[in-house]
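J.:
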Amino acid sequence: CRCCAEGRRHSSILYSILRSEERALPPAGPEPRGCPCGSRRRVALRSPQVACKAASAVLVKTLRFVQNVPCFQELPLEEQLLLVRSCWAPLLLLGLAQDRVHLETVESAEPSMLQRILTARQQGEQGEQPPPRAPAPAPGRPHHGPHLPSAGEIQAIKGFLAKCWSLDISTKEYAYLKGTVLFNPDLPGLQCTQYIEGLQREAQQALNEHVRLIHRGDEARFAKLNVVLSLLRSINANVVAELFFRPIIGAVNMDDMLLEMLCAKL
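With our numbering, letter number 51 in the sequence shown gets 51, and the count goes up by one each step, no holes.
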């Protein structure tokens with residue numbers, strides 16, 4: 001394809017994406033470890049309006065970042081959409097870490113499984129009928145019930161943010177990490193796989209060279225930065241969408257929203 005033939009015109013995939021300024025704020029300490037028994041508790045954002053507004057701003061900034069990558073612009077629109085739809089959530093989380101967006105959460109009032117069992121038993125002993133269950137939504141219709149992430153899912157996001165802050169990742173390192181995430185050649189349906197694989201390899205090489213130049217005394221830093229990428233793979237994109245976008249705009253089709261934003265001039 002055209003992009004494969006012209007791919008070598010750019011010697012660096014990050015030629016024009018290192019212009020953002022790094023926010024210098026004090027790093028946050030790691031979250032205290034709690035009992036794993038509560039990892040399935042449902043939690044919500046303490047201030048959803050504030051957090052969701054911050055996440056929306058980071059998403060716009062992230063897509064502007066992507067659009068400014070010359071190699072990305074050379075790809076066909078179908079390839080661009082495929083890449084963005086698969087990596088918008090990890091790119092957003094990297095942006096949240098870079099902008100030092102902190103998450104404050106509270107436990108929801110949703111009863112636990114044990115409470116439901118005890119309540120049902122008590123009602124059975126007293127001869128009461130349990131309340132009717134809400135009907136399931138029709139196919140193709142949004143579900144308007146609670147979609148709160150679990151405490152374990154939120155802790156995974158907080159753990160990722162804390163890991164990034166503990167490493168004090170620089171603007172260039174964030175850019176190289178984003179390039180590695182963006183250019184994923186393993187997605188089914190891609191046509192320019194060799195070209196995209198070369199871009200991902202180039203991002204990793206640029207990151208390695210930068211680390212060796214700037215952090216000569218820390219031989220393990222490159223491996224630590226790749227641990228950040230492994231933490232991202234354990235976070236479900238649906239959890240990110242439910243946490244940051246549902247509280248404001250309700251049931252959201254991220255594919256449609258990404259298409260609209262990608263085609264707009266941000």
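Every residue gets a Cβ at the ideal spot worked out from N, C-alpha and C, and that includes glycine.
Kindly give me the distance between the Cβ atoms of M261 and L63, rounded to whole angstroms, as I take these residues to be in contact under 8 Å.
T.: Residue numbering aside, residue 261 sits at position 261 when the sequence shown is read from its first letter. Residue numbering aside, residue 63 sits at position 63 when the sequence shown is read from its first letter. With 8 Å as the limit, M261 and L63 qualify as a contact, their Cβ atoms being about 5 Å apart.
J.: Can you tell me which of V58, E79, Q73 puts its alpha carbon nearest to the alpha carbon of Q191?
T.: Against the sequence shown, residue 191 aligns to sequence position 191. Nearest C-alpha to Q191: E79.
J.: Given this structure, state the Cα-to-Cα distance separating V66 from D168, to the nearest angstrom.
T.: Here the question's residue 66 lines up with position 66 in the sequence shown. Here the question's residue 168 lines up with position 168 in the sequence shown. Rounded to whole angstroms, V66 to D168 spans 23 Å at the Cα level.
J.: According to DSSP, is R201 part of a helix, a strand, or is it coil?
T.: Translated into positions along the sequence shown, residue 201 becomes position 201. R201: helix per DSSP, three-state reduction.
J.: With distances taken between CB atoms, is the gap from L232 to L103 smaller than 9 Å?
T.: Indexing the sequence shown from 1 puts residue 232 at position 232. Indexing the sequence shown from 1 puts residue 103 at position 103. For L232 and L103, no; Cβs fall outside 9 Å.
J.: Taking 9 Å as the cut-off, decide whether the C-beta atoms of K53 and I248 are in contact.
T.: Here residue 53 refers to the residue found at position 53 when the sequence shown is read from its first residue. Here residue 248 refers to the residue found at position 248 when the sequence shown is read from its first residue. Closer than 9 Å, so yes.
J.: If you run the structure through DSSP and keep just helix, strand and coil, what is R133?
T.: On the sequence shown, residue 133 is found 133 positions in, with the first residue counted as 1. Confidence in R133 is poor, its pLDDT being 48 and thus under 50, which makes the residue's placement unreliable; the coordinate value appears in the next sentence. Coil, per DSSP.
J.: Report, in whole angstroms, the separation of the C-beta atoms of I91 and L182, which I expect to be a contact under 8 Å.
T.: Counted from its first residue, the sequence shown places residue 91 at position 91. Counted from its first residue, the sequence shown places residue 182 at position 182. It should be pointed out that residue 91 corresponds to Leu in this sequence rather than to Ile. Right, their Cβ atoms sit about 7 Å apart.
J.: Assuming I235 and A57 make a contact with CB atoms under 8 Å, what is their CB distance in whole Å?
T.: Counting from 1 along the sequence shown, the entry for residue 235 is found at position 235. Counting from 1 along the sequence shown, the entry for residue 57 is found at position 57. No, I235 and A57 are not in contact; Cβ-Cβ is about 20 Å, not under 8 Å.
J.: Is R42 near L148, with beta carbons less than 9 Å apart?
T.: As a first step, residue 42 must be located in the sequence shown, where it is residue number 42. As a first step, residue 148 must be located in the sequence shown, where it is residue number 148. Yes, the Cβ-Cβ distance between R42 and L148 is below 9 Å.
J.: How should I157 be labelled, buried or exposed, when 16 other C-beta atoms within 10 angstroms of its C-beta is the threshold for buried?
T.: Residue 157 sits at position 157 when you count from the first residue of the sequence shown. Counting Cβ neighbours within 10 Å, I157 comes out buried, since at least 16 surround it.
J.: Does the Cβ of G217 have 16 or more other Cβ atoms within 10 Å, making it buried, or fewer, making it exposed?
T.: For this step, residue 217 is matched to residue 217 along the sequence shown. Result: exposed.
J.: Can you list, in chain order, the residues of its chain with a C-beta nearer than 7 Å to that of A51? Leave out the 5 residues immediately preceding and following it.
T.: In the sequence shown, counting from the first residue as 1, residue 51 sits at position 51. Taken in chain order, the residues that qualify are L45, L103, F244.
J.: Please report the distance separating the alpha-carbon of H143 from that of A251.
T.: Counting from one through the sequence shown, the residue named residue 143 turns up at place 143. Counting from one through the sequence shown, the residue named residue 251 turns up at place 251. In this prediction, H143 has a pLDDT of 35, which is less than 50 and means its spatial position is unreliable; nothing more can be read from the coordinates.
J.: Rounding to the nearest angstrom, what Cα-Cα distance links D255 and R221 in this structure?
T.: Locating residue 255 in the sequence shown gives position 255, counting from the first residue. Locating residue 221 in the sequence shown gives position 221, counting from the first residue. So the alpha carbons of these two residues sit roughly 35 Å apart.
J.: So, using beta-carbon positions, are Y174 and A206 closer together than 9 Å?
T.: Here residue 174 refers to the residue found at position 174 when the sequence shown is read from its first residue. Here residue 206 refers to the residue found at position 206 when the sequence shown is read from its first residue. No.
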